[in-house]
Structures are given as C-alpha cells and as structure tokens.
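In order, the protein sequence lines correspond to chains A and B.
Be aware that the first sequence starts at 1, since it is given in my numbering, and climbs by one per residue.
Be aware that the second sequence starts at 446, since it is given in my numbering, and climbs by one per residue.
In what follows, a structure is listed as structure tokens, so that the remarks can point back to it.
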Amino acid sequence: MILRLLQAVSIALLLGFASAKAGVVVASFGVISSDPQHDLFASIGFPTNPGLSADPGATEEWPVTINLTYLQSLPDTVVLNIPNQTPETLNRIRSKSRGANAFLWSGGSEGCSALLSAIPGAFRATISCLDGTYNVETTTTGTKLTRFVYGDPPAGAENDVATATEIPAGPDTAGTSMPESINGPATLDQDIDVLILYTSTVRQTLQASSINVQQYMQDTLDTTQLAMDRSTTPGQPTIATLNLVHSQEVLRPDTGYFTADVVYLQNDPEPVGIRNQWAADIVMYIRETSADSSVCGRAYVPGSYGTLPPPGPGFAPYAVGVTKRTCSFSGYPFEHEFGHIFGANHDPANSNNSTPLQPWAYAHWANNLNKDGARTLVAYKDSNCISPCNQVLNYSNASVSLTIPWTFRTGRVDQRENARVIAQYASTTAQYRASLDRIFANGFE
Amino acid sequence: MKRLGIHIYLLASVFAVASPSSFSQGTIPSDVAISMTATPTDNLDPGELISFVITATNLGPEPVSVLPMISSQFIDEFDLGPGGSSNCPGIGLLVSDGKYFFYQFVWTPTLAGPPLAVGETRRCELNFSLTEAAPEALPFTFGIVQSWIDLNESNNSATVILRRGDITPVTLSMLSPGVLILLLGMLTFMALIQLRRRSGASTAAVP
Numbered sequence: 001m002i003l004r005l006l007q008a009v010s011i012a013l014l015l016g017f018a019s020a021k022a023g024v025v026v027a028s029f030g031v032i033s034s035d036p037q038h039d040l041f042a043s044i045g046f047p048t049n050p051g052l053s054a055d056p057g058a059t060e061e062w063p064v065t066i067n068l069t070y071l072q073s074l075p076d077t078v079v080l081n082i083p084n085q086t087p088e089t090l091n092r093i094r095s096k097s098r099g100a101n102a103f104l105w106s107g108g109s110e111g112c113s114a115l116l117s118a119i120p121g122a123f124r125a126t127i128s129c130l131d132g133t134y135n136v137e138t139t140t141t142g143t144k145l146t147r148f149v150y151g152d153p154p155a156g157a158e159n160d161v162a163t164a165t166e167i168p169a170g171p172d173t174a175g176t177s178m179p180e181s182i183n184g185p186a187t188l189d190q191d192i193d194v195l196i197l198y199t200s201t202v203r204q205t206l207q208a209s210s211i212n213v214q215q216y217m218q219d220t221l222d223t224t225q226l227a228m229d230r231s232t233t234p235g236q237p238t239i240a241t242l243n244l245v246h247s248q249e250v251l252r253p254d255t256g257y258f259t260a261d262v263v264y265l266q267n268d269p270e271p272v273g274i275r276n277q278w279a280a281d282i283v284m285y286i287r288e289t290s291a292d293s294s295v296c297g298r299a300y301v302p303g304s305y306g307t308l309p310p311p312g313p314g315f316a317p318y319a320v321g322v323t324k325r326t327c328s329f330s331g332y333p334f335e336h337e338f339g340h341i342f343g344a345n346h347d348p349a350n351s352n353n354s355t356p357l358q359p360w361a362y363a364h365w366a367n368n369l370n371k372d373g374a375r376t377l378v379a380y381k382d383s384n385c386i387s388p389c390n391q392v393l394n395y396s397n398a399s400v401s402l403t404i405p406w407t408f409r410t411g412r413v414d415q416r417e418n419a420r421v422i423a424q425y426a427s428t429t430a431q432y433r434a435s436l437d438r439i440f441a442n443g444f445e
Numbered sequence: 446m447k448r449l450g451i452h453i454y455l456l457a458s459v460f461a462v463a464s465p466s467s468f469s470q471g472t473i474p475s476d477v478a479i480s481m482t483a484t485p486t487d488n489l490d491p492g493e494l495i496s497f498v499i500t501a502t503n504l505g506p507e508p509v510s511v512l513p514m515i516s517s518q519f520i521d522e523f524d525l526g527p528g529g530s531s532n533c534p535g536i537g538l539l540v541s542d543g544k545y546f547f548y549q550f551v552w553t554p555t556l557a558g559p560p561l562a563v564g565e566t567r568r569c570e571l572n573f574s575l576t577e578a579a580p581e582a583l584p585f586t587f588g589i590v591q592s593w594i595d596l597n598e599s600n601n602s603a604t605v606i607l608r609r610g611d612i613t614p615v616t617l618s619m620l621s622p623g624v625l626i627l628l629l630g631m632l633t634f635m636a637l638i639q640l641r642r643r644s645g646a647s648t649a650a651v652p
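The structure is reproduced here in structure tokens:
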C-alpha cells in the first residue's frame, strides 16, 4: 500500500512537471487537460497489470470512464488524455451517429490516431500513437484503457521460420464450383466492399469478454479505414474507401494451417457463396488461434511483373486474407494483411525485393537519434529498428509525418510508399465485384 | 544463422508437401499425378532463367473439381522480377507473416477452369531465376496441399534440385596440400619421439 502511494505521488509529480508546460492539470493517475469537458477520459484510475487472459502485448491497464456525453455530439476535436503523455488534440476525420448512445468517431493529431466506437453499454477505442499502442474495451469488469508493447521474436526463432509443421491443410469440402461474380449494377463504384468472416472461437472469445462481435468487426474495418485516411497525403483524396458489406461466423473450425484457410476462402461453397451474395471485393477471415504460433496471417500478393496476376479481374479470386485476431508481434495483423492485397510489401530488408508490383511499394521504419524507432503497418520489426519499434496506424507515405514526440516521416519518396500503391489500385480493387450498395453498419446495432 | 534456418525449413518443406497428412479435410476422388521439370538445373548463375513445367494429370476414375497445389517455401532465393513470365492460369503468390515471412506459390488450376477431367493434364509454366541469396543446392517442390487426400499419395508431389555453378564447394584450409604436408611432418615427428621414449624405457627396464 505504501509502495502504491509512493508510486502515485511519483507519477503525479512527474506528470505535473511534464504537463506544466502544456497547460494541463494532473488528477490522480490520469491527465485532465485544461479543457476537461473535451477530454476523452473523464476519469482514469490506478494502473494495474493486465491479467494472464489479456491480449498479447498488454502491459498496463487503467480503469477509465469515457466522456460519452461530449463524444455523442460528434465533436470536431477530442483531447486524448492518456496517462504519462502530454494531452493531444485529435481532429475529427470521420464521424457517424448510430442512434441513441451509439456513434463512430475517428480522428488524428501530430502523434496519434484514434477510433472511438460506442453502442449502448459498450465503448471501444483503438489508439495508435508514435510512442505507444492502446485500446479501450468495455468488458464485464468495466471499461479499461490498455497499453500494448509487442515483443521481439524470441531467441532461436530463426529456426521456426517454418518447419514441417508448416503444412498446408485443405478446404473443408471438395467438389466446389469455380467462383463467379454477381451480375450487379454496371456503375463504376469506388468503395471497396469488404466481407469479414470469423470462426466460432473468435465469437466465443469476444463474448466471454462481453464484446459485441458485430461492433468488433465493424471497428476492425473502420480502423483500417482510419489507416487509409491517416496515410493520405494532405489535400489529396483518401487513398481507399472501405465498406464492410457483411460480417459472419462460418462453420469452419478454428484449426489447421493458414494456407488451408486461403484455399478454403477461394474454393469452399460457404465463403464463396457469402462473397457472391454480398458482392465483396475483398474477403478477410479472422481466427483466434494458429496451428503455428510463428504465423499471424497470410494473404496473396498481386503482380510480380509478368509472373503472377496483377490487380484486376484475374486477381479477384485471390483478394483474400487470413489473420489472427491478435498477434504477439503486431497490434495490427488485419491491416498488415489487408495492405498486401493491394500490392503493399514489407520494408526492403524484410522483403523479396524482386517481387514488388511497383519498385517503391515498400513499408518503412526509422529511428529517432538512436533513442527509439517506429515502423509502418506492413513493416517488420527490423533488428536495426530500436525497440520497441512501435507500429503506427499508417501505410508508408513520404508526405505524411508524425511529429510528436519525435518526427517520423512515414516513407521515402520513390522508395517506400505503400500508401501510393494502395491508392493506385484501390479503384481496380473496388471492381472485383459489382457493388450492391449495402452498408453493413446500418443494421448491426 | 538466419540462412541456416531458411535452408532447414526449405528442406523440411519438401517433406511437408510430400509426406502423408496428419489430418484430412479435402478429398480428391481420383488419382492425381504431379510432375515438375526444370531446365536447366545445374551450374546455374543468379539471373539465369530457369523454365519450370509443372503438370497435374487426373489418372481417374473421377473428375476433380478442386485441385489445390502449393510450392515449397522461399524468401528471396528466386527472382520473380523482370524477365520472369508464366503461363499458369490459377496461380497466386502467397505471403505468410509472423515472426518471419516467407512466400509460396499456390496453383489451383480448377480455380481458373473447369474440373480436371479423367485423363486430362493441366500445365503450369513458370520462368524465373535464382538470386544471389540462393544456396548452392536448392530443392524446390510442388505438390497437392498436404491435407488433401487422393487415391494415390505416392505421386502427389515432385521436386527439382537447383544447383548453382558459381559457388565453389567450400574447401577447408586445413586440408590444403601445404597443411597436409605439415600435418604429416608433425605426426612423423611425434612418432619418432614416441619411439625414442619407448626405446629408452625398454633399455631402462632391462636388468
């Protein structure tokens, strides 16, 4: 108890010194800005260690209360008052009312991106900052802010790149017919319609924490949309506009290898039928487990010059990806695999550099004067990137920088520009299936 | 160390494709035979184009509606860039992400065409080259995905070994002629000393 009091006083003093310059006041363990009615967190409690059942990477959590009354108004700005950080004012990028006590709000600042999502009784948030990754979940034990730090691959991991256990499994059933596209309206739509399929284990895991599954899936794609927004060159149209057309649990068990899952997505009547029914341009499949703990996702990569299908009708059957819901190496496995489907590649040191769709379609990482490093969504945690080499919610773009608490230019001109390749092929991807103009979020509440 | 790991898994992946499955999800109601040739396979230089021909033949008795095949894993051993080409409907490049990444070709000829009829053969032609990162000998395998079962598993995969010609076998310097002569000299010297000691000991032991 004494130790906790000392800790509280120390943190409060530290925060006091840190925030004096920024014109904020410190209350308990949280930071209350000088304009508290605009804060995201109305109150922040004592920090605790996440339990063993927490998601991979969870290192610290705080009970919080959310300023729902303010957020409900879909404000232009929200002050992100995260513990141990100077408050940052987020500017709204997108917002949408989903009825009483339900809304979506996304925004960004010089150092952070945030997606705030509420349905009656459940608030969720995904917060990506240059110096930290956070989320907020409302579970049976209340609403909590959690900080995540993703570890390095364990020593000796070189030898489990892939082993004989990396054996692909087959689809659930044979005898399927070749996928066919739906005959829909002939208009050239620009929205990329996404179908998210998930296993019963995913549903059960989320429900065990009282998380609304449909909200979770919608938030997953909305977080990817936020990444697209934040990766767009200022003043330019958003690199890609995404639309969750449908989300559904499938019969396939949460077992086997990911390669089998992509074969399943392409050939099995269940996912192919759902894709055709909803005219989805891209299909993503979320699992809770992995037969090989060293693998978090798989996706097809278009192009490779003349060798493989480029983005276009020939690639449409390959616009599928599989991802673990949570991954111990990355906070954004879904966004990582999603980027691959557009031709985005890893950082050059961690990519087969002869395969890019474009010679500059690479991810990026950089260090801050030998203090710390950061990486973009499709980049690997390179050994030269100073730990924790935090992953930010950005696809690489030399024209986009995060500047708090240090300047991370998220790309290099003509060298590391995944946002550019996503923008280049977004329209093509949107034509993989003729849109039926369905918007999933309208009905999930 | 990383490259050693790569080569271990490449070798392992050969068995991964070829060995019987531990669990079954897909059933192919026929005997499908896979073959693969590569030209050339020996004395390869990085950048030298290699022509791969993979075939899948339905030996019967039923048509095959879904036939997924997969290659062994690779990272940067192949140059799929300019100069590469293919005539291979139904092929895709899959990237796997985790602690490390790797690539695999997945070829599903039935995805881009009708079921494989009894007696029918589908061909996949790929042309690409090795890179400087390729080891001296690189096994490359194509086969039916492991957990799919057909009527005869003995012909479900095919492997070619690609051998570079620009990497000379590693010579241990200790085995060079000079070192061998030196070793011989040292052994002779030690033997002479031993003989002399024994001779001295024997003399001393004589009463």
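Ideal placement from N, C-alpha and C gives every residue a C-beta, glycine not left out.
Within a 10 Å sphere around the beta-carbon of F41 of chain A sit 16 or more other beta-carbons, which makes this residue buried. Contact of T259 of chain A with chain B by beta-carbon distance below 8 angstroms involves I515, L539, S541, Q549, V551 and V590. Proximity to V477 of chain B across B:I499, B:N488 and B:D487 peaks at B:I499, based on C-alpha coordinates. DSSP places S106 of chain A inside the beta strand (DSSP E), whose first and last residues are F103 to G108. It is roughly 9 angstroms from the alpha-carbon of G107 of chain A to the alpha-carbon of D229 of chain A. Annotation for F585 of chain B: the continuous beta strand (DSSP E) segment containing it runs A582 to I589.
For V295 of chain A, the neighbours in chain B by C-beta distance under 9 angstroms run, in chain order, S541, D542, G543 and K544.
In the structure shown, the three-state DSSP call for Y380 of chain A is coil. Chain order gives the chain B residues near N350 of chain A as F546, where near means a beta carbon separation below 7 angstroms.
Residues are counted here when their Cβ sits less than 9 angstroms from a Cβ of chain B; for the segment 275 to 293 of chain A these are S290, D292 and S293, given in chain order.
P271 of chain A does not reach chain B, its nearest Cβ partner there being about 13 angstroms away, counting only Cβ pairs nearer than 9 angstroms. Nearest C-alpha to Q190 of chain A among A:N243, A:N390 and A:T141: A:N243. Linking A349 of chain A to P527 of chain B through their CA atoms gives a straight-line distance of about 20 angstroms.
With a contact defined as Cβ atoms closer than 8 angstroms, I274 of chain A and T429 of chain A miss out at about 18 angstroms.
R94 of chain A places its beta carbon 8 angstroms or farther from that of I119 of chain A.
P302 of chain A counts as buried, since at least 16 other C-beta atoms from the protein chains shown sit within 10 angstroms of its C-beta.
Residue burial is scored here from C-beta neighbours: F634 of chain B has fewer than 16 other C-beta atoms within 10 angstroms and is therefore classed as exposed. At least one CB of chain A lies nearer than 8 angstroms to the CB of S531 of chain B. Within chain B, the residues whose beta carbon sits less than 9 angstroms from that of H336 of chain A are D542, listed in sequence order. By the C-beta density criterion, E570 of chain B is exposed, having fewer than 16 other C-beta atoms within 10 angstroms. For R98 of chain A, there is no enclosing alpha helix (DSSP H), as DSSP gives it neither H nor E. Judged by DSSP secondary structure, G132 of chain A falls within the beta strand (DSSP E) whose first and last residues are G132 to T139.
Per DSSP, R568 of chain B lies in no alpha helix (DSSP H) segment; the continuous beta strand (DSSP E) that holds it begins and ends at T566 to L575. Inter-residue distance for H246 of chain A and T77 of chain A is about 30 angstroms (C-alpha atoms, whole angstroms).
DSSP, read as helix, strand or coil, puts G297 of chain A in strand. One Cα belongs to D39 of chain A, the other to G132 of chain A, and the distance between them is close to 19 angstroms. A Cβ-Cβ distance of about 10 angstroms is found for the pair R287 of chain A and T205 of chain A, leaving them out of contact under the 8 angstroms criterion. Look at H340 of chain A here: in three-state DSSP terms it is helix. Using a Cβ-Cβ cut-off of 8 angstroms, I638 of chain B is close to nothing in chain A; its nearest Cβ partner there is about 46 angstroms away. Inter-residue distance for T48 of chain A and T326 of chain A is about 21 angstroms (C-alpha atoms, whole angstroms). Contact holds between the segment 315 to 333 of chain A and the segment 542 to 560 of chain B, because three or more Cβ pairs, one in each stretch, are under 8 angstroms apart. Cβ atoms of A208 of chain A and Y395 of chain A stay farther apart than 8 angstroms, at about 33 angstroms. Here the C-alpha atom of T241 of chain A lies approximately 10 angstroms from the C-alpha atom of D222 of chain A. Against I536 of chain B, the close residues of chain A are L308, in the order they occur along the chain (beta-carbon pairs closer than 7 angstroms). Straight through space, the alpha carbons of R203 of chain A and E249 of chain A are spaced by roughly 8 angstroms.
The CB of V262 of chain A comes closer than 8 angstroms to the CB of L539 and V551 in chain B, given here in chain order.
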